[in-house]
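Chains W and P are the protein sequences, given in the same order.
Each residue of the first sequence is one higher than the last, beginning at 495 in my numbering.
Each residue of the second sequence is one higher than the last, beginning at 16 in my numbering.
Read through the structure below, which is laid out as structure tokens, and then see the notes.
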Amino acid sequence: KAGVTQTPRYLIKTRGQQVTLSCSPISGHRSVSWYQQTPGQGLQFLFEYFSETQRNKGNFPGRFSGRQFSNSRSEMNVSTLELGDSALYLCASSLGQGAGDTQYFGPGTRLTVL
Amino acid sequence: LAKTTQPISMDSYEGQEVNITCSHNNIATNDYITWYQQFPSQGPRFIIQGYKTKVTNEVASLFIPADRKSSTLSLPRVSLSDTAVYYCLVGAPIYNQGGKLIFGQGTELSVKP
């Protein structure tokens, strides 16, 4: 089974721009979660989508948004980029149900904001 | 979500067995224990998950005592490529957490030749 894939792997943007990141989950997984990882804050949860609906949201400003498509693929968007948005953005997929269910992470997208 | 405590760092040598212990005194009845491994600039990689007693897979073993207040990840015969950060997470099945995992600082394992 193919793992979680994320595109692009690297991205350089300037302040004020917006960016869209893409995530394709493991086949059969209906839940996709997004995380931001920085050296100072570690791994922080952004939001989770299940069956095209946002089920949970972390403590991030409204500039961070996402969506999920009917094939479970997900995108996250960051508008009006700030320098502090430079980070590794990770997406993780899971079945979204069942005892013992767990998340599998993609390789991440490294975003650099100049 | 139960808080976890694990060593900040550990050193080992190639070929040795490494045991990383995680303390989770407030673990709830329906909580699972999950370990992830992360290399720099890569996503965390799922290693192993357990609920009680012992779980073993091709990569590691997870030992959980009867009171479940701690767990030990055992890596047999480590190599240089096992140098990474290891995270212990405790919580209900992921769907009960709304897809949210809470990562602590992790244990930075350094394997030397």
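Beta carbons are placed, not taken as given, at the ideal position from N, Cα and C, and that holds for glycine.
Expressed to the nearest angstrom, what Euclidean distance is found between the alpha-carbon atoms of P:H39 and P:R83? Stepping through the second sequence from its first residue, residue 39 of chain P is reached at position 24. Stepping through the second sequence from its first residue, residue 83 of chain P is reached at position 68. Going by the C-alpha atoms only, they are around 8 Å apart.
Given this structure, state the Cα-to-Cα distance separating W:Y529 from W:F541, to the nearest angstrom. Stepping through the first sequence from its first residue, residue 529 of chain W is reached at position 35. Stepping through the first sequence from its first residue, residue 541 of chain W is reached at position 47. When rounded, the distance between both Cα atoms is 7 Å.
Suppose you measure from the CA of P:Q64 to the CA of P:T20; what does that come to, to the nearest Å? Numbered from its first residue, the second sequence carries residue 64 of chain P at position 49. Numbered from its first residue, the second sequence carries residue 20 of chain P at position 5. When rounded, the distance between both Cα atoms is 17 Å.
With the cut-off set at 8 Å, would you say P:Y102 and P:P55 are in Cβ contact? Taking the first residue of the second sequence as position 1, residue 102 of chain P is located at position 87. Taking the first residue of the second sequence as position 1, residue 55 of chain P is located at position 40. No, the Cβ-Cβ distance between P:Y102 and P:P55 is not below 8 Å.
The stretch 590-603 of chain W contacting the stretch 495-510 of chain W, beta-carbon criterion three pairs below 8 Å: yes
Separation of P:S125 from P:V33, as counted between CA atoms: Taking the first residue of the second sequence as position 1, residue 33 of chain P is located at position 18. Taking the first residue of the second sequence as position 1, residue 125 of chain P is located at position 110. Approximately 11 Å between the Cα atoms of the pair.
Compare the C-alpha of P:P128 against each of P:I79, P:K18, P:Y28 and name the closest. The sequence position of residue 128 of chain P within the second sequence is 113, counting from 1. If we check each option's Cα against that of P:P128, P:Y28 comes out closest.
Can you tell me where the beta strand (DSSP E) holding P:L90 begins and where it ends? Your numbering for residue 90 of chain P matches position 75 in the second sequence. 85-90 is the extent of the beta strand (DSSP E) around P:L90.
Can you check whether the CB of W:V526 is closer than 8 Å to the CB of W:L575? Position 81 of the first sequence, counting from 1, holds the residue named residue 575 of chain W. Position 32 of the first sequence, counting from 1, holds the residue named residue 526 of chain W. Not closer than 8 Å, so no.
At least one CB of chain P closer than 8 Å to the CB of W:T596: is that the case? In the first sequence, residue 596 of chain W corresponds to position 102, counting from 1. Yes, its Cβ sits closer than 8 Å to a Cβ of chain P.
Would you report the Cα separation of P:L77 and P:T122, rounded to the nearest angstrom? Counting from 1 along the second sequence, the entry for residue 77 of chain P is found at position 62. Counting from 1 along the second sequence, the entry for residue 122 of chain P is found at position 107. Going by the C-alpha atoms only, they are around 16 Å apart.
Where does W:L589 sit, in a helix, a strand or coil, going by DSSP? The count along the first sequence starts at 1 and reaches residue 589 of chain W at position 95. Reduced to three states, the DSSP call for W:L589 is coil.
With a threshold of 8 Å between beta carbons, is W:L582 in contact with chain P? Mapped onto the first sequence, residue 582 of chain W falls at position 88. True, the Cβ-Cβ gap to chain P drops below 8 Å.
Where W:P533 falls, given that 16 or more other Cβ within 10 Å makes a residue buried: In the first sequence, the residue the question calls residue 533 of chain W occupies position 39. Label assigned to W:P533: exposed.
Going by CA-CA distance only, name the one from P:K115, P:N111, P:G106, P:T87 that's closest to P:P22. Taking the second sequence and counting its residues from 1, the one referred to as residue 22 of chain P is at position 7. Among P:K115, P:N111, P:G106, P:T87, the Cα nearest to that of P:P22 is on P:T87.
Checking contacts by CB at 8 Å: is W:E546 closer than that to chain P? In the first sequence, the residue the question calls residue 546 of chain W occupies position 52. For W:E546, the answer is no, since every Cβ of chain P falls outside 8 Å of its Cβ.
Would you call the CB atoms of W:N550 and P:G106 closer than 8 Å? Position 56 of the first sequence, counted from the start, is the residue given in the question as residue 550 of chain W. Position 91 of the second sequence, counted from the start, is the residue given in the question as residue 106 of chain P. Taking 8 Å as the Cβ cut-off, W:N550 and P:G106 do not qualify as a contacting pair.
Express the C-alpha separation of P:K18 and W:Q538 in angstroms, rounding to a whole number. The residue given as residue 538 of chain W occupies position 44 in the first sequence. The residue given as residue 18 of chain P occupies position 3 in the second sequence. About 16 Å.
Hey, would you say W:Q531 sits closer than 8 Å to W:L584, going by beta carbons? Start at 1 with the first residue of the first sequence, and residue 531 of chain W comes out as number 37. Start at 1 with the first residue of the first sequence, and residue 584 of chain W comes out as number 90. Yes.
Taking the continuous beta strand (DSSP E) assigned at P:I79, which residues delimit it? Numbered from its first residue, the second sequence carries residue 79 of chain P at position 64. That run of the beta strand (DSSP E) goes 76-79.
Please classify W:P555 as buried or exposed, where buried requires at least 16 other C-beta atoms within 10 Å of its C-beta. Working through the first sequence from its first residue, we reach residue 555 of chain W at position 61. Flag for W:P555 reads exposed.
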